[in-house]
Each structure stands twice: as C-alpha cells, then as structure tokens.
Amino acid sequence: MSLDGFIAGPNGEADWIVMDPSIDFGALLKEFDTAVMGRKTYEVVTAHGGHGAMPGLEVVVFSRSLPPSRHQGVRIVNDDPREVVAELKAKSGRDIWLFGGGALFRSLLDAGLVDTVELAVIPVLLGSGVPLLPPGGTTKLVLADQKTLPTSGIVALSYSVPGGAGPAPRIRYIKTRRSKPKKKQSSHVGKSVPSPRRKASTKRGGVRSRPRRAG
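Start counting the sequence shown at 3; every next residue gets the next number (my numbering).
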C-alpha cells in the first residue's frame with residue numbers, strides 16, 4: 003500500500019511497488035492454504051502475465067461474469083462471498099488470505115469475517131488511485147507487530163481486528179540477518195553452539211487481509 007492509502011494507481015498501475023530482498027514469499031505462502039479475491043483483482047493479476055493460481059493454495063475468485071471453464075487452476079464462485087468465506091472459516095486448516103480487492107475487503111470486514119489486517123506500506127505518495135477500502139464504517143484495530151525494512155523503506159504492519167479469531171500473527175516472513183556469535187575468551191579453542199530455533203506457532207484458520215503484492 004502507498005503511504006497515502008492506495009493499493010494501485012488510477013488505472014491499476016503497479017509499477018510503483020518495490021520488492022525487498024528480505025521478504026521471504028515462500029514462507030509467506032506457507033501461512034495460508036486458501037486465497038480469496040474479487041474479479042477485478044483477478045483480472046489485474048492475469049493481465050500481468052499470471053494465471054491466478056498460487057502454489058499450494060486453493061484460489062477462490064468471486065465473479066458473476068467469468069466462465070469457470072476458461073479459468074483453470076482457480077475456483078470461480080458466484081455465490082455471496084460472506085456465506086462462502088464463513089463456510090471456509092468453519093473448516094480446519096491454515097489461514098485464509100484475503101488477496102483483494104477493496105470492495106470484497108469492505109464486505110467481509112463489515113460482516114465480521116476479517117480477523118487481521120496486514121499491510122506493507124511503501125514509501126511513495128500516489129496522489130490518486132484505487133483505495134485500500136471504499137467508504138464505510140469505522141473499525142478500530144490493535145497493533146500486533148511491526149517491522150521496518152531498511153533496504154526499501156517498507157514498513158510491515160500486523161493488526162488484530164477486535165472480535166476476530168484470536169490475536170494477529172507475528173510477522174515471520176521477513177528474513178533476518180544473523181550476526182556471528184562472539185567467541186568467549188578461554189584457555190582453549192572451542193566451537194560455538196548456536197541456540198535452537200523456535201518452532202512456528204500453530205495456525206488458526208483466520209481471515210487475514212493482505213493487499214496484493216503491496217502487503
């Protein structure tokens with residue numbers, strides 16, 4: 003998302019989005035088993051050479067006009083998104099990625115189906131474009147985690163939605179530089195033993211809104 007709240011330019015432009023080498027997209031994808039998006043977001047993804055499918059994820063596209071037979075690798079649904087997402091949340095599994103767009107985000111947020119909001123704020127002011135959300139009611143959020151990426155200037159933010167399914171997850175998809183442990187002064191030379199890594203926490207199957215590519 004841009005610093006002034008847009009997820010795309012006036013005509014869907016995405017050339018302002020920068021990639022940071024410290025973002026581990028493989029680790030990010032492993033946090034989800036389902037992605038949901040609206041037709042416009044899907045068309046933007048496919049217009050840039052993609053086919054909409056994501057490795058290891060079931061992709062659900064809400065549309066009343068796209069013919070399912072012409073879009074392999076994704077599930078085209080013309081039912082009420084609120085009912086479909088509620089059914090998905092009732093199943094066991096990993097989290098659900100609300101990939102976009104703004105109208106779908108607003109609909110699910112107003113229905114109480116969004117559990118966390120996660121953003122990657124890119125240091126650019128677009129002035130106009132596609133907003134993160136269309137106009138609607140106010141929703142207060144609770145900050146769960148934040149990380150700054152010095153190389154790109156991106157700020158990653160994770161918020162819990164009050165009343166959602168548990169606290170927002172920590173930001174774990176940012177690669178961290180590991181400093182070499184200092185050698186202890188002793189009368190003999192020994193090998194330093196790194197501390198064991200912490201295991202990732204179990205996922206809870208919540209709906210997490212993360213605007214496409216911009217976080």
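No residue lacks a Cβ here, since even glycine has one placed at the ideal position from N, Cα and C. What you are looking at is a predicted structure, and each value in this text was computed from that prediction instead of being measured.
Run the CB neighbour count on residue i, radius 10 Å, all protein chains shown included, and call it buried at 16 or more, exposed below.
{"i": "methionine 39", "result": "buried"}
{"i": "aspartate 97", "result": "buried"}
{"i": "valine 144", "result": "exposed"}
{"i": "alanine 122", "result": "buried"}
{"i": "aspartate 35", "result": "buried"}
{"i": "arginine 210", "result": "buried"}
{"i": "glutamate 120", "result": "buried"}
{"i": "phenylalanine 101", "result": "buried"}
{"i": "proline 57", "result": "exposed"}
{"i": "glycine 166", "result": "buried"}
{"i": "proline 83", "result": "buried"}
Sorted by chain position, which residues of the same chain lie with C-beta nearer than 7 Å to residue i's C-beta, five sequence neighbours on each side aside?
{"i": "leucine 111", "result": "Thr141"}
{"i": "leucine 128", "result": "Ser4, Asp6, Phe8, Gly11, Trp18"}
{"i": "leucine 135", "result": "Gly104, Phe107, Arg108"}
{"i": "threonine 66", "result": "The displayed chain sequence assigns arginine, not threonine, to residue 66. Result list for arginine 66: Asn80, in chain order."}
{"i": "glycine 139", "result": "Asp112"}
{"i": "valine 76", "result": "Gly54, Ala55, Val61, Val63"}
Excluding sequence positions up to five away, which residues of its chain have a Cβ less than 8 Å from the Cβ of residue i?
{"i": "alanine 146", "result": "Thr118, Ser160, Tyr161, Ser162, Pro169, Ala170, Pro171, Arg172"}
{"i": "valine 132", "result": "Phe8, Ile9, Ala10, Gly11, Pro12, Gly14, Gly103, Gly104"}
Looking only at its chain, what residues have a beta carbon closer than 6 Å to the beta carbon of residue i, apart from the 5 residues adjacent to it on each side?
{"i": "glutamine 74", "result": "none"}
{"i": "threonine 150", "result": "Val157"}
{"i": "proline 70", "result": "Ile78"}
{"i": "alanine 29", "result": "Tyr175"}
{"i": "glutamine 187", "result": "Here the model assigns glutamine 187 a pLDDT of 41, short of 50, so the residue's position is not dependable, and the following value carries that caveat. Nothing listed; no residue qualifies."}
Quick one, which of the options has its alpha-carbon nearest residue i's?
{"i": "tyrosine 44", "options": "Phe64, Leu31, Gly58", "result": "Phe64"}
{"i": "glutamate 15", "options": "Gln148, Phe27, Ala167, Lys42", "result": "Lys42"}
{"i": "proline 23", "options": "Lys93, Val61, Pro152, Met56", "result": "Pro152"}
{"i": "arginine 72", "options": "His53, Asn13, Val86", "result": "His53"}
{"i": "alanine 49", "options": "Pro83, Asn13, Ser130, Met21", "result": "Asn13"}
Please look up how many angstroms separate the CB atoms of residue i and residue j, rounded, as I've assumed it's under 8 Å.
{"i": "leucine 68", "j": "leucine 31", "result": "The pair is not a contact, with the Cβ atoms about 24 Å apart (cut-off 8 Å)."}
{"i": "alanine 115", "j": "lysine 91", "result": "It is leucine, not alanine, that sits at residue 115 in the sequence shown. Indeed they touch by this definition, with Cβ atoms about 7 Å apart."}
{"i": "alanine 37", "j": "valine 61", "result": "5 Å"}
{"i": "proline 125", "j": "glycine 95", "result": "Not a contact, Cβ separation roughly 35 Å."}
Margin query: Quick check for students: name the residue ranges of the alpha helix (DSSP H) that lie wholly in the region 11–59, counting only runs of 4 or more.
Written below: 27–31, 41–49
Next item on the list: With a floor of 3 residues, list each beta strand (DSSP E) that falls wholly inside the region 80–115, ordered by position along the chain.
Entry: 97–102
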